[in-house]
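Participant: In my numbering, the protein residues as written are 51 to 430.
The beta carbon of each residue, even a glycine, is placed where N, CA and C say it ideally should be.
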């Protein structure tokens with residue numbers, strides 16, 4: 051991990067995590083102080099201030115969320131997760147250094163598809179554009195992570211297809227790269243007790259389980275029986291005190307439900323610690339334009355999600371409307387990129403175009419390719 055100074059900083063922060071486990075209520079502000087001391091980005095100062103204020107108010111929704119992390123999540127998993135967050139934090143310094151060194155974007159997170167295969171046939175699925183017969187081998191996935199870590203990337207997001215079609219390989223990757231965090235967008239139907247036990251063992255995997263509302267709306271897009279399978283998956287993880295979240299796609303049909311207070315309260319009761327929110331984007335020949343949310347629905351969701359951030363103990367991320375928090379578009383390696391199951395290195399999961407393939411170019415070569423350099427030059 052980096053140079054000697056980086057190692058000293060990491061072990062100092064790791065020691066602070068030990069204090070956090072002993073007395074989280076009193077020591078969270080101290081840990082935030084440590085992080086702020088090592089964080090050279092002054093743009094984060096406002097976030098540190100808000101977090102400090104939240105941690106001293108027991109009624110604050112962020113305070114309540116942190117309390118859930120300590121009451122509802124396995125202690126061993128929690129400790130490992132926090133350690134990996136620190137590694138990611140330290141890796142962020144190397145991202146900036148390598149971006150300057152190579153004059154290209156270097157992503158904080160890499161989204162990759164282990165497979166295009168899926169056990170469901172969801173209405174309007176953008177991933178179906180790739181077909182169902184493509185796969186990256188275990189060695190190729192392993193090498194992507196190796197290259198990413200050399201550049202400072204320690205966050206790996208898995209999509210598909212259904213990534214858990216390859217769950218044995220995913221667990222192997224989690225074991226080998228135990229300094230990384232793995233998040234998978236999954237339909238949840240392949241989560242079983244054995245897989246959950248493996249996750250509890252490796253302690254660095256978290257699922258974002260797709261759900262479209264209650265049973266009627268979820269099964270409308272995903273097929274009969276999917277909702278009950280999702281409820282079972284959440285129960286399996288909840289029983290083992292494993293963290294998980296929801297992946298929500300709002301459409302013209304379900305936006306008012308997805309964005310309701312009642313529905314988010316339901317997700318919180320199920321044990322969701324976070325929710326990714328996407329709006330339906332019609333991609334590919336099987337797209338369904340009638341599912342596109344209206345402008346009024348997008349406005350409604352924009353304001354609801356921000357309200358929930360101030361009131362509910364769940365972390366919400368709005369993929370399409372949170373540009374103000376991440377300085378605009380994050381594609382093209384600015385914060386993330388997408389490697390599909392054919393190995394094509396794309397600027398974004400919703401932009402199916404590439405001039406590089408991981409089978410014949412390194413990750414760094416792809417980041418310096420004409421396509422990715424055009425993103426670097428033209429992104430605000």
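(1) Measure the alpha-carbon distance for residue 170 versus residue 273 and round it to whole angstroms.
(2) Nearest-angstrom Cα distance between residue 426 and residue 374?
(3) Restricting to runs no shorter than 3 residues, where is the beta strand (DSSP E) found entirely within the region 340 to 390?
(4) Excluding the five sequence neighbours on either side, which residues of its own chain have a C-beta within less than 8 Å of the C-beta of residue 205, listed in chain order?
(5) Taking DSSP as the reference, what is the three-state secondary structure of residue 233?
(6) Assuming residue 198 contacts residue 413 under a Cβ cut-off of 8 Å, what Cβ separation, rounded to an integer in Å, is found between them?
(7) Are residue 172 and residue 271 closer than 8 Å when you measure CB to CB?
(8) What does a CB cutoff of less than 7 Å around residue 250 pick up in its chain, not counting 5 residues either side in sequence?
(9) Assuming residue 391 contacts residue 223 (C-beta within less than 8 Å), just tell me the rounded distance between them.
(10) Between which two residues does the beta strand (DSSP E) carrying residue 295 extend?
(11) Which same chain residues end up closer than 8 Å to residue 182 when comparing Cβ atoms and leaving out the 5 residues on each side of it in sequence?
(12) I'd like the list of long-range same chain contacts for residue 215, defined as Cβ closer than 8 Å, with 5 residues on each side in sequence excluded.
(13) What would DSSP say about residue 318, mapped onto helix, strand or coil?
(14) Along the chain, where does the beta strand (DSSP E) containing residue 184 start, and where does it finish?
(15) Mark residue 397 as exposed unless 16 or more other C-beta atoms lie within 10 angstroms of its C-beta, in which case mark it buried.
(16) Would you call residue 55 buried or exposed, if buried means 16 or more other Cβ atoms sit within 10 Å of its Cβ?
(17) Need the endpoints of the beta strand (DSSP E) that residue 208 sits in, please.
(18) Here's the rule I'm using: 16 or more other beta-carbon atoms within 10 Å means buried, otherwise exposed. How should residue 277 be labelled?
(19) Where do the ends of the alpha helix (DSSP H) carrying residue 245 lie?
(20) Between the alpha carbons of residue 68 and residue 338, how many angstroms are there, rounded?
(21) Let's see if you can read the secondary structure: which residues bound the beta strand (DSSP E) around residue 287?
(22) Rounded to whole angstroms, what's the CA-CA distance from residue 76 to residue 255? Just pull it up for me.
(23) For residue 263, which option in 95, 310 and 248 has the closest C-alpha, if you only look at C-alpha atoms?
(24) List the whole-angstrom C-beta distance separating residue 74 from residue 120, where the pair is believed to meet the contact cut-off of C-beta under 8 Å.
(25) Using only CA atoms, which one of 245, 103 and 252 lies nearest to residue 130?
Facilitator: Answer, in terms of the structure:
(1) For this step, residue 170 is matched to residue 120 along the chain shown. For this step, residue 273 is matched to residue 223 along the chain shown. Distance between the alpha carbons of residue 170 and residue 273 is about 7 Å.
(2) For the purposes of this step, residue 426 is identified with residue 376 of the chain shown, where counting begins at 1. For the purposes of this step, residue 374 is identified with residue 324 of the chain shown, where counting begins at 1. Cα to Cα, residue 426 sits roughly 18 Å from residue 374.
(3) 365 to 368 and 386 to 389
(4) Looking up residue 205 in the chain shown gives position 155. The residues are 138, 158, 159, 160, 230, 231 and 233.
(5) Start at 1 with the first residue of the chain shown, and residue 233 comes out as number 183. Strand.
(6) Taking the chain shown and counting its residues from 1, the one referred to as residue 198 is at position 148. Taking the chain shown and counting its residues from 1, the one referred to as residue 413 is at position 363. The pair is a contact, with the Cβ atoms about 6 Å apart (cut-off 8 Å).
(7) Taking the chain shown and counting its residues from 1, the one referred to as residue 172 is at position 122. Taking the chain shown and counting its residues from 1, the one referred to as residue 271 is at position 221. Yes, the pair counts as a contact, with Cβ atoms nearer than the cut-off.
(8) As a working mapping, residue 250 is identified with position 200 in the chain shown. If we look at residue 250 and ignore the five residues flanking it on each side, its Cβ neighbours are 124, 127, 290 and 292.
(9) Here residue 391 refers to the residue found at position 341 when the chain shown is read from its first residue. Here residue 223 refers to the residue found at position 173 when the chain shown is read from its first residue. Not really, about 15 Å apart at Cβ, beyond 8 Å.
(10) In the chain shown, counting from the first residue as 1, residue 295 sits at position 245. From DSSP, the beta strand (DSSP E) with residue 295 extends over 295 to 300.
(11) Here residue 182 corresponds to residue number 132 of the chain shown, with the count starting at 1. Result list for residue 182: 166, 167, 168 and 211, in chain order.
(12) Walking along the chain shown from the start, residue 215 turns up at place 165. Excluding sequence neighbours, residue 215 sits near 164, 165, 167, 168, 169 and 240.
(13) Within the chain shown, the letter at position 268 stands for residue 318. Note: residue 318 maps to helix in three-state DSSP.
(14) As a first step, residue 184 is located in the chain shown; it is residue number 134 there, counting from the start. Careful: residue 184 lies outside any beta strand (DSSP E) and carries neither H nor E.
(15) Against the chain shown, residue 397 aligns to sequence position 347. By the 10 Å Cβ count, residue 397 comes out buried.
(16) Translated into positions along the chain shown, residue 55 becomes position 5. The predicted position of residue 55 is uncertain, since its pLDDT is 47 and thus under 50; a value taken from the coordinates is nonetheless stated next. Result: exposed.
(17) By 1-based counting over the chain shown, the position of residue 208 is 158. Per DSSP, residue 208 belongs to the beta strand (DSSP E) from 205 to 208.
(18) Numbered from its first residue, the chain shown carries residue 277 at position 227. With 16 or more Cβ atoms within 10 Å of its Cβ, residue 277 is classed as buried.
(19) As a first step, residue 245 must be located in the chain shown, where it is residue number 195. Run containing residue 245: 243 to 252, per the alpha helix (DSSP H) assignment.
(20) Locating residue 68 in the chain shown gives position 18, counting from the first residue. Locating residue 338 in the chain shown gives position 288, counting from the first residue. So the alpha carbons of these two residues sit roughly 51 Å apart.
(21) Here residue 287 corresponds to residue number 237 of the chain shown, with the count starting at 1. Here residue 287 belongs to no beta strand (DSSP E); instead the alpha helix (DSSP H) covers 276 to 289.
(22) Residue 76 sits at position 26 when you count from the first residue of the chain shown. Residue 255 sits at position 205 when you count from the first residue of the chain shown. The alpha-carbon atoms of residue 76 and residue 255 are separated by roughly 28 Å.
(23) As a first step, residue 263 is located in the chain shown; it is residue number 213 there, counting from the start. Ranking the options by Cα distance to residue 263, first place goes to 310.
(24) For the purposes of this step, residue 74 is taken as residue 24 along the chain shown, with counting starting at 1. For the purposes of this step, residue 120 is taken as residue 70 along the chain shown, with counting starting at 1. Indeed, because the Cβ distance is near 5 Å, the residues count as touching under 8 Å.
(25) By 1-based counting over the chain shown, the position of residue 130 is 80. Comparing Cα-Cα distances from residue 130 to each of 245, 103 and 252, the minimum goes to 252.
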